[in-house]
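Scroll down for the structure; my scribbles are underneath it.
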Amino acid sequence: MLPRLAAVLLIVLISLPVSVFAADDEIIVYSARKEHLIKPLFDLYTKKTGVKINYITGKAGVLLERLKAEGKNTPADMLITVDAGNLWHAANEGVLQAIHSELLEATVPAKLRDPDGRWFGLSVRARTIVYNTEKVDPATLKNYEGLAGDEWRGKLILRTSKKVYNQSLVASLISEKGAEKTASIVRGWVANLAADPFGNDTKALLAVAEGIGQVTVVNTYYYGRLMKKRPELPLAIFWPKEEDGGVHMNISGAGITKFANNKDGAVKLLEWLASEEAQGQFAALNMEYPVNSSVSPDPIVAAWGTFSGSPMNVAGYGSLQAEAIILMDKAGYK
Ligand code: FE
């Protein structure tokens, strides 16, 4: 009888949520934001509050699948990920819960969070135009649509359409201009390519710096990282003006998991991450922009100038992403 009892006990034990064994106030985070970008903040929070934070990092898709597979047994209290499209998918798959926090609603602008409170932006990333300063007069630049014009034939460099950043960019164009107009823009981009699409933003920037092409579209923190290492490169940022549609904005952000064991603790951490105390560092660690308007960007980032973001709620990207992928595929954007 004894071995059988032991087996039953073992089954009970392994099916219990991990947090049963965790300290009461411990918070468990799944993060698609890289460790070096979150650890300093978690360390600061623990030092300040005594609350321990356990985390794992991984790719957004893998963490989402894990949350879905774990269901109500998940040890995770919070999901941190990048790109509004990924946050939208997580909410859509039912792994996040709606929370109501006056603090978060006051600090995170409405267009940078889920209207239903299932996720909140914590930093803003701008996806904008970068050009070769030796070859391009910035007065000839206008916006994303402008890069489809004949004058850019053989001069455009793009990152692959497989990356969620470009899927969100095209989703925002569909929302702004409609599918037909967006399809003609994307066909124009493809016709203007100087080379096959590149695997990441840094390679796209280098191709522009080396003169393979003259202009590209990247998240500004990749520009910041590259220029820190190689300030001599002939690259500069161009911000599409407000009247020309503004700059495509995206976010990194977080939500509370649907089956969080420590919901209260996780909400407090989320509120702190959006607070003045944490925001400067949260954004600066990756050369992004704070979502909290009472916090200034890092001086290096501030030196790139100010811009007007597109007015669209980033929550709209997710629902249009599938359409954006099909549209890019049909237009031959690899
Ligand atoms: Fe990135």
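Just so we're aligned: the sequence shown equals residues 4 to 337 in this note's numbering. For every residue, glycine included, the Cβ atom is placed at its ideal position computed from N, Cα and C. These figures come from a predicted structure and were not determined experimentally.
> Which class does Ala-194 belong to by DSSP, given the choice of helix, strand or coil?
Replying inline: For the purposes of this step, residue 194 is taken as residue 191 along the sequence shown, with counting starting at 1. Helix.
> Thr-110 lies in the alpha helix (DSSP H); which residues open and close that run?
Replying inline: Position 107 of the sequence shown, counted from the start, is the residue given in the question as residue 110. First-last of the alpha helix (DSSP H) with Thr-110: 105–110.
>> For Pro-293, list the residues DSSP reports as bridge partners.
In response: Against the sequence shown, residue 293 aligns to sequence position 290. Ser-126, per the DSSP bridge assignment.
>> If you reduce the DSSP assignment to three classes, tell me which class Thr-143 lands in.
In response: Here residue 143 is taken as the residue at index 140 of the sequence shown, counted from 1. Here Thr-143 sits in helix by DSSP.
>> Within a Cβ cutoff of 8 Å, which residues of the same chain sit near Val-338, ignoring the five residues on either side of it in sequence?
In response: No statement about residue 338 is possible, as the shown extent of the chain runs from 4 to 337 and does not include it.
> DSSP state of Gly-321, grouped into three classes?
Replying inline: For the purposes of this step, residue 321 is identified with residue 318 of the sequence shown, where counting begins at 1. In this structure, Gly-321 counts as helix in the three-state DSSP scheme.
>> In whole angstroms, give me the CA-to-CA distance for Tyr-250 and Ala-263.
In response: As a first step, residue 250 must be located in the sequence shown, where it is residue number 247. As a first step, residue 263 must be located in the sequence shown, where it is residue number 260. The residue you asked about is not Tyr; residue 250 is Val in the sequence shown. So the two alpha carbons sit approximately 35 Å from each other.
>> Which residue marks the beginning of the alpha helix (DSSP H) containing Gly-268, and which one marks its end?
In response: Against the sequence shown, residue 268 aligns to sequence position 265. Counting along the chain, the alpha helix (DSSP H) containing Gly-268 begins and ends at 266–276.
>> Here's the rule I'm using: 16 or more other beta-carbon atoms within 10 Å means buried, otherwise exposed. How should Thr-110 be labelled?
In response: Residue numbering aside, residue 110 sits at position 107 when the sequence shown is read from its first letter. The residue is buried, with at least 16 neighbouring Cβ atoms inside 10 Å.
>> Within 10 Å of its beta-carbon, does Gly-335 have 16 or more other beta-carbons around it, so buried, or fewer, so exposed?
In response: As a working note, residue 335 is residue 332 in the sequence shown. Classification of Gly-335: exposed, given that the 10 Å Cβ count is below 16.
>> DSSP has Tyr-33 in a bridge; who is on the other side?
In response: Start at 1 with the first residue of the sequence shown, and residue 33 comes out as number 30. Looking at the DSSP output, Tyr-33 bridges to Ile-59 and Leu-82.
> Which residues in the same chain as Gly-227 place their Cβ atom closer than 7 Å to its Cβ, once the five residues preceding and following it in sequence are excluded?
Replying inline: Within the sequence shown, residue 227 is the residue found at index 224, counting from 1. Closer than 7 Å at Cβ, skipping near neighbours: Met-290, Ile-303 and Val-304.
> Which of the three DSSP states, helix, strand or coil, is assigned to Met-214?
Replying inline: Residue numbering aside, residue 214 sits at position 211 when the sequence shown is read from its first letter. Correcting the residue identity first, residue 214 is Gly in this sequence and not Met. Three-state result, Gly-214: coil.
>> Which residue marks the beginning of the beta strand (DSSP E) containing Thr-260, and which one marks its end?
In response: Within the sequence shown, the letter at position 257 stands for residue 260. Here the beta strand (DSSP E) through Thr-260 covers 251–260.
> Where does Ile-188 fall in DSSP's three states?
Replying inline: Taking the first residue of the sequence shown as position 1, residue 188 is located at position 185. Helix.
> By the 10 Å Cβ neighbour count, where 16 or more other Cβ atoms means buried, how is Thr-345 classified, buried or exposed?
Replying inline: No information on residue 345 is available, as it lies outside the stretch 4 to 337 that the chain covers here.
> For Tyr-134, which of helix, strand or coil comes out of DSSP?
Replying inline: As a working mapping, residue 134 is identified with position 131 in the sequence shown. In this structure, Tyr-134 counts as strand in the three-state DSSP scheme.
>> Measuring only the C-alpha atoms, how far is Ala-79 from Ser-187?
In response: To locate residue 79, count along the sequence shown from 1; it is residue 76. To locate residue 187, count along the sequence shown from 1; it is residue 184. If you draw a straight line from the Cα of Ala-79 to the Cα of Ser-187, it is about 43 Å long.
>> Tell me whether the stretch 134–152 and the stretch 315–327 touch, counting them as touching only if at least three CB pairs, one residue from each stretch, are closer than 8 Å.
In response: Too few Cβ pairs lie closer than 8 Å, so no.
> Taking Cβ positions, are Leu-40 and Leu-288 nearer each other than 8 Å?
Replying inline: Indexing the sequence shown from 1 puts residue 40 at position 37. Indexing the sequence shown from 1 puts residue 288 at position 285. Their beta carbons are under 8 Å apart, which means Leu-40 touches Leu-288 by this criterion.
> From this set, Arg-190, Asp-204, Ser-126 and Glu-29, which residue's C-alpha is nearest Ile-329's C-alpha?
Replying inline: Within the sequence shown, numbered from 1, the residue matching residue 329 stands at position 326. It is Arg-190 whose Cα lies nearest to the Cα of Ile-329.
> Taking only beta-carbon atoms, is Thr-131 less than 8 Å away from chain C?
Replying inline: Reference to chain C is not applicable here, since this structure consists of a single protein chain.
> When you compare only the Cα positions, how much space is there between Pro-6 and Asp-28?
Replying inline: Locating residue 6 in the sequence shown gives position 3, counting from the first residue. Locating residue 28 in the sequence shown gives position 25, counting from the first residue. Caution applies to Pro-6, whose pLDDT of 48 falls short of 50 and renders its modelled position unreliable; the value that the coordinates give is listed next. Taking the straight line from one Cα to the other gives about 35 Å.
> Between Asp-86 and Asn-253, which are expected to be in contact by the criterion C-beta below 8 Å, what is the C-beta distance as a whole number of angstroms?
Replying inline: On the sequence shown, position 83 is the one that residue 86 refers to. On the sequence shown, position 250 is the one that residue 253 refers to. About 6 Å; that satisfies the 8 Å criterion.
>> Within the continuous beta strand (DSSP E) that includes Leu-238, where are the two ends?
In response: Translated into the one-based positions of the sequence shown, residue 238 becomes position 235. It spans 238–241 - the beta strand (DSSP E) in which Leu-238 sits, taken as one unbroken run.
> Taking 7 Å as the cut-off, is the CB of Leu-222 close to at least one heavy atom of the ligand FE?
Replying inline: As a first step, residue 222 must be located in the sequence shown, where it is residue number 219. The sequence as given places Asn at residue 222; Leu does not occur at that position. Distances from the CB of Asn-222 to the heavy atoms of the ligand FE include at least one below 7 Å.
> Looking at the structure shown, is Thr-77 part of a helix, part of a strand, or coil, going by DSSP?
Replying inline: Taking the sequence shown and counting its residues from 1, one reaches residue 77 at position 74. Correct three-state label for Thr-77: coil.
>> Along the chain, where does the alpha helix (DSSP H) containing Trp-339 start, and where does it finish?
In response: Residue 339 is absent from the model: the chain starts at 4 and stops at 337.
> Whose C-alpha, out of Ala-182, Ser-313 and Leu-323, is nearest the C-alpha of Lys-244?
Replying inline: For the purposes of this step, residue 244 is taken as the residue at position 241 of the sequence shown. Nearest neighbour of Lys-244 by Cα position, chosen from Ala-182, Ser-313 and Leu-323, turns out to be Ser-313.
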